[in-house]
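Asker: First to last, the protein sequences are chains C and W. Okay, so the first sequence: first residue is 0 according to numbering that gives the first Met the number 0, each after it adds one. Okay, so the second sequence: first residue is 0 according to numbering that gives the first Met the number 0, each after it adds one. Using N, Cα and C, we set each Cβ at its ideal position, and we do this for glycine too. Questions regarding the structure given below will be posed in turn.
Number of protein chains: 2
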Amino acid sequence: MERELLLLGLLRQHEMHGYELHSFIENAMSTCVDLKKPTAYLLLDNMATLGWITVTEQRAGNRPPRKVYRLTAGGEAEFQRLLRANLASVVAVKFGGDVGLAFVDALPRAEAIGLLAQRRQALQGQLAESKAVPVHAGSFQFVIDHQVHYLASELAWVDKVIEQLCAT
Amino acid sequence: MERELLLLGLLRQHEMHGYELHSFIENAMSTCVDLKKPTAYLLLDNMATLGWITVTEQRAGNRPPRKVYRLTAGGEAEFQRLLRANLASVVAVKFGGDVGLAFVDALPRAEAIGLLAQRRQALQGQLAESKAVPVHAGSFQFVIDHQVHYLASELAWVDKVIEQLCAT
DNA sequence: TTTTCCATGTAACTCGTTACATGATTTC
DNA sequence: GAAATCATGTAACGAGTTACATGGAAAA
Numbered sequence: 000m001e002r003e004l005l006l007l008g009l010l011r012q013h014e015m016h017g018y019e020l021h022s023f024i025e026n027a028m029s030t031c032v033d034l035k036k037p038t039a040y041l042l043l044d045n046m047a048t049l050g051w052i053t054v055t056e057q058r059a060g061n062r063p064p065r066k067v068y069r070l071t072a073g074g075e076a077e078f079q080r081l082l083r084a085n086l087a088s089v090v091a092v093k094f095g096g097d098v099g100l101a102f103v104d105a106l107p108r109a110e111a112i113g114l115l116a117q118r119r120q121a122l123q124g125q126l127a128e129s130k131a132v133p134v135h136a137g138s139f140q141f142v143i144d145h146q147v148h149y150l151a152s153e154l155a156w157v158d159k160v161i162e163q164l165c166a167t
Numbered sequence: 000m001e002r003e004l005l006l007l008g009l010l011r012q013h014e015m016h017g018y019e020l021h022s023f024i025e026n027a028m029s030t031c032v033d034l035k036k037p038t039a040y041l042l043l044d045n046m047a048t049l050g051w052i053t054v055t056e057q058r059a060g061n062r063p064p065r066k067v068y069r070l071t072a073g074g075e076a077e078f079q080r081l082l083r084a085n086l087a088s089v090v091a092v093k094f095g096g097d098v099g100l101a102f103v104d105a106l107p108r109a110e111a112i113g114l115l116a117q118r119r120q121a122l123q124g125q126l127a128e129s130k131a132v133p134v135h136a137g138s139f140q141f142v143i144d145h146q147v148h149y150l151a152s153e154l155a156w157v158d159k160v161i162e163q164l165c166a167t
């Protein structure tokens with residue numbers, strides 16, 4: 000339900016059309032959810048059917064016509080419900096990268112350390128990128144801060160693993 | 000490819016049948032991947048077709064017959080390839096829980112803090128559980144240690160957010 | 001004796017993705 | 001004039017899940 004929450008939350012701030020929603024999500028919220036274009040359009044259609052949002056066709060000049068979505072009272076209620084549920088609970092995360100770690104002794108120690116050094120470097124690059132993101136408005140900043148916090152924690156973790164592997 | 004890596008890695012240690020693989024994954028590796036029973040059987044079939052593993056039917060006493068899977072030389076090669084790729088790269092993680100945070104100002108400050116306190120408590124419970132897991136053999140321990148490290152970091156993060164919300 | 005565990009599967013379905021189609025408009 | 005961007009969609013496909021089916025054995 001995170002995708003619905005996100006779409007409703009964005010539409011709550013001001014009405015938007017599908018393309019706009021999608022591109023905002025792609026470049027500002029890519030750490031939380033990933034939402035392809037066709038999926039976004041489909042979700043918006045579904046939400047319109049449910050009565051959470053209304054659709055208005057707009058055509059400016061000779062541009063391709065836009066479908067502008069606006070939150071309804073029902074949509075606002077749903078948003079509140081989803082928001083409370085999201086804030087109160089922990090969304091589980093799967094660490095696919097741990098599978099390799101579980102079998103790290105299948106490789107020569109030195110090679111394993113080399114490979115993890117590569118992982119470390121990639122992580123460091125991502126951390127630098129996250130730190131370079133300009134400050135966002137309001138509580139959107141939490142999303143960026145969290146990413147920085149998480150990546151720093153992962154970096155420390157990889158260092159700990161490398162250290163342990165070196166020690167033996 | 001994490002699922003394949005995991006299955007190959009487990010079969011590398013010793014031959015196993017599908018049910019055994021699935022139940023091990025469910026209770027020891029649930030933090031890395033999630034793999035339902037039908038998916039596990041399907042994956043094993045596919046891997047057999049690819050020649051990574053062989054299948055032998057075994058029937059012990061009057062029990063339901065088992066299909067025992069054993070790694071082939073090709074499977075070992077594939078395992079090595081997948082393992083190196085996994086260790087060297089960062090597997091991206093999506094923080095669905097951040098969507099709520101991005102809209103936290105839609106709620107009265109006090110209520111938001113209350114909801115995050117619930118999240119905090121759930122997190123704390125998970126952390127206690129992870130810490131209570133008995134020590135595993137070899138590098139499987141990394142998986143547990145990472146979970147503990149991650150949950151502790153998330154707990155600190157939630158505390159920071161709550162603190163920031165209290166301060167305004 | 002009824003439930004749980006062992007052990008394997010099939011069939012239907014949902015969700016989401018990829019690839020494609022369309023067409024105007026701005027940028028290089 | 002070509003490429004990228006704006007703007008919306010459809011159609012085909014695939015991966016994975018749920019629900020169901022089977023049947024013996026052990027435990028409660």
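Can we say the stretch 86-94 of chain C touches the stretch 24-39 of chain W, given the rule of at least three CB pairs closer than 8 Å?
Answerer: yes
Asker: So does the stretch 137-155 of chain C actually touch the stretch 145-152 of chain W, counting three or more Cβ pairs closer than 8 Å?
Answerer: yes
Asker: Restricting to Cα atoms, I'd like to know which of C:Leu106, C:Glu162, C:Lys159 and C:Gly137 is closest to Leu164 of chain W.
Answerer: C:Gly137
Asker: Is Ala101 of chain C near Phe78 of chain W, with beta carbons less than 8 Å apart?
Answerer: no
Asker: Just reading off the alpha helix (DSSP H) that Lys130 of chain W is part of, what are its end residues?
Answerer: It spans Arg108 to Ala131 - the alpha helix (DSSP H) in which Lys130 of chain W sits, taken as one unbroken run.
Asker: Can you tell me whether DSSP reads Lys159 of chain W as helix, strand or coil?
Answerer: helix
Asker: Tell me whether the beta-carbon of Ile52 of chain C lies closer than 8 Å to the beta-carbon of Ile112 of chain C.
Answerer: Not closer than 8 Å, so no.
Asker: Applying a beta-carbon distance threshold of less than 7 Å, which residues of chain C neighbour Asn85 of chain W?
Answerer: Gly96, Val98 and Gly99
Asker: Considering only C-alpha positions, which residue in the set C:Thr167, C:Leu106, C:Ala121 and C:His16 is nearest to Gln57 of chain C?
Answerer: C:His16
Asker: Under the DSSP definition of a beta bridge, which residues are partnered with Glu56 of chain W?
Answerer: W:Lys66
Asker: How many Å lie between Arg80 of chain C and Glu1 of chain C at the Cα?
Answerer: C-alpha separation (whole angstroms): 12 Å.
Asker: Would His148 of chain C count as contacting chain W if we go by Cβ distances under 8 Å?
Answerer: yes
Asker: Within the 8 Å Cβ cut-off, does Trp156 of chain C reach chain W?
Answerer: yes
Asker: Going by C-alpha to C-alpha distance, which of W:Gly96, W:Lys159, W:Ile24 and W:Asp144 sits closest to Trp156 of chain C?
Answerer: That would be W:Asp144, whose Cα lies nearest to the Cα of Trp156 of chain C.
Asker: To the nearest whole angstrom, what separates the beta carbons of Ala39 of chain W and His21 of chain W, a pair I think is in contact under 8 Å?
Answerer: 5 Å
Asker: Determine the direct distance from the alpha carbon of Ala166 of chain C to that of Ala109 of chain C, and round the result to whole angstroms.
Answerer: Taking the straight line from one Cα to the other gives about 11 Å.
Asker: So if DSSP puts Met15 of chain C in a beta bridge, which residue, or which two residues, is it bridged to?
Answerer: C:Tyr68
Asker: Quick one: Cα of His148 of chain W to Cα of His148 of chain C, how far?
Answerer: 13 Å
Asker: With a threshold of 8 Å between beta-carbons, can Glu1 of chain W be considered close to chain C, or not?
Answerer: yes
Asker: Who are the near neighbours of Ala59 of chain W in its chain, counting only those whose CB is closer than 6 Å to its CB and skipping five residues on each side?
Answerer: Residues of the same chain with a CB within less than 6 Å of the CB of Ala59 of chain W, apart from the 5 flanking positions on each side, do not exist.
Asker: Express the C-alpha separation of Leu82 of chain W and Leu199 of chain W in angstroms, rounding to a whole number.
Answerer: Any property of residue 199 of chain W remains undetermined from this structure, which presents chain W solely from 0 to 167.
Asker: Just to confirm, is the Cβ distance from Leu86 of chain W to Leu115 of chain C under 8 Å?
Answerer: yes
Asker: Measure the beta-carbon distance from Gly73 of chain W to Gly50 of chain W and round it to whole angstroms, keeping in mind my assumption that it falls under 8 Å.
Answerer: 5 Å
Asker: Would you mind reading off the limits of the alpha helix (DSSP H) that contains Gly50 of chain W?
Answerer: Element bounds for Gly50 of chain W: n/a, residue is neither H nor E.
Asker: For Asp33 of chain W, which residues in chain C fall below 8 Å Cβ to Cβ?
Answerer: Against chain C, the beta carbon of Asp33 of chain W has neighbours under 8 Å at Lys93, listed in chain order.
Asker: Is the Cβ of Gly17 of chain C closer than 8 Å to any Cβ of chain W?
Answerer: no
Asker: What separation, rounded to the nearest whole angstrom, lies between the Cα atoms of Arg65 of chain C and Ser129 of chain C?
Answerer: 33 Å
Asker: Select from C:Asn45, C:Glu14 and C:Ile24 the residue whose C-alpha is nearest the C-alpha of Val55 of chain C.
Answerer: Note that residue 55 of chain C corresponds to Thr in the displayed sequence, not to Val. Out of C:Asn45, C:Glu14 and C:Ile24, C:Glu14 has the C-alpha closest to the C-alpha of Thr55 of chain C.
Asker: Does any residue of chain W bring its CB to less than 8 Å from the CB of Thr30 of chain C?
Answerer: yes
Asker: Taking 8 Å as the CB-CB limit, is Gly50 of chain W close to chain C?
Answerer: no
Asker: Name the residues in the stretch 102-130 of chain C whose C-beta lies less than 7 Å from a C-beta of chain W; which are they?
Answerer: Phe102, Val103, Asp104, Ala105, Leu106, Ala111, Leu114, Leu115, Gln117, Arg118, Ala121, Leu122 and Gln125
Asker: In angstroms, rounded to a whole number, what distance separates the CA positions of Glu19 of chain C and Leu42 of chain C?
Answerer: 14 Å
Asker: Please list, in chain order, all residues of the same chain as Val67 of chain C whose beta carbon is under 6 Å from its beta carbon, the five residues on each side excluded.
Answerer: These residues qualify, in order along the chain: Glu14, His16, Thr55 and Gln57.
Asker: Could you check whether the Cβ of Val142 of chain C sits closer than 7 Å to any heavy atom belonging to the ligand MG?
Answerer: Because no ligand of any kind appears in the structure shown, any question about the ligand MG cannot be addressed here.
Asker: Could you confirm whether any beta carbon from chain C is found closer than 8 Å to the beta carbon of Phe139 of chain W?
Answerer: yes
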